[in-house]
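Structure record follows, encoded as structure tokens.
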Amino acid sequence: MDTATHVMTPEHDKQQVRRIWKAFWALLILTILELSLGLTIYFLEKGAPSAFAILSIKIIIIIFTLAKAFYIISIFMHLGDEKRNMIMSIGIPALLFIWFITAFLVEGNAIRNARNTESGTRQYEQKHIRHQPLNVPPGAENKYKVPH
Numbered sequence: 004m005d006t007a008t009h010v011m012t013p014e015h016d017k018q019q020v021r022r023i024w025k026a027f028w029a030l031l032i033l034t035i036l037e038l039s040l041g042l043t044i045y046f047l048e049k050g051a052p053s054a055f056a057i058l059s060i061k062i063i064i065i066i067f068t069l070a071k072a073f074y075i076i077s078i079f080m081h082l083g084d085e086k087r088n089m090i091m092s093i094g095i096p097a098l099l100f101i102w103f104i105t106a107f108l109v110e111g112n113a114i115r116n117a118r119n120t121e122s123g124t125r126q127y128e129q130k131h132i133r134h135q136p137l138n139v140p141p142g143a144e145n146k147y148k149v150p151h
């Protein structure tokens, strides 16, 4: 039976602190870039937006977000120190969850588009209820009729 314990040395502590600061600065830079790209989209949409440019910026923001998730999982949740099998057992379900979200977004968009395009094809009748005054004097019916 192995009874060896891992003892943290001051040098190992310094390496961990450096690693955390490195992750902090990487996360800070990625966050600033994401915010600047978000503001870029905001100002592009005020003018004449190019759909390709906005889509490209959104894809870049998604890539930055995934990179931030990698750093958080790797450094702060200590998954980067684990063996490959452990990383895969957590990473593959996470990728399936991303697929799950994407599938629902695509399906929801398809349903929304179907509703928007079919709205003009259905017959819609509004019944007009016209109220007449109770005591209409004889011969004054035309005076109280509601115009069409």
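In our numbering, the protein residues as written are 4 to 151. A virtual CB, placed ideally from N, CA and C, is assigned to each residue, including glycine. The structure presented is a predicted model; accordingly, all values stated were derived computationally and were not measured.
Pair within 7 Å by beta-carbon distance, residue i and residue j
| i | j | result |
| --- | --- | --- |
| residue 48 | residue 67 | no |
| residue 2 | residue 76 | In the structure displayed, the chain extends from 4 to 151; residue 2 sits before or after that span and is not available. |
| residue 65 | residue 40 | no |
| residue 3 | residue 57 | There is simply no residue 3 to check, as the chain begins at 4 and stops at 151 in what is shown. |
Span of the alpha helix (DSSP H) around residue i
| i | result |
| --- | --- |
| residue 47 | 13-49 |
| residue 67 | 54-74 |
Buried/exposed call for residue i, threshold 16 Cβ in 10 Å
| i | result |
| --- | --- |
| residue 19 | exposed |
| residue 78 | buried |
| residue 87 | exposed |
Whole-number beta carbon distance between residue j and residue i, since they are thought to touch under 8 Å
| i | j | result |
| --- | --- | --- |
| residue 3 | residue 31 | No information on residue 3 is available, as it lies outside the stretch 4 to 151 that the chain covers here. |
Cutoff 7 Å: residue i Cβ touching any chain D Cβ
| i | result |
| --- | --- |
| residue 45 | Included in the structure is just one protein chain, with no chain D present. |
beta-carbon residue i near the ligand HEM non-hydrogen atom, thresh 6 Å
| i | result |
| --- | --- |
| residue 33 | Within the structure as shown, the ligand HEM is missing, as the structure has no ligands at all. |
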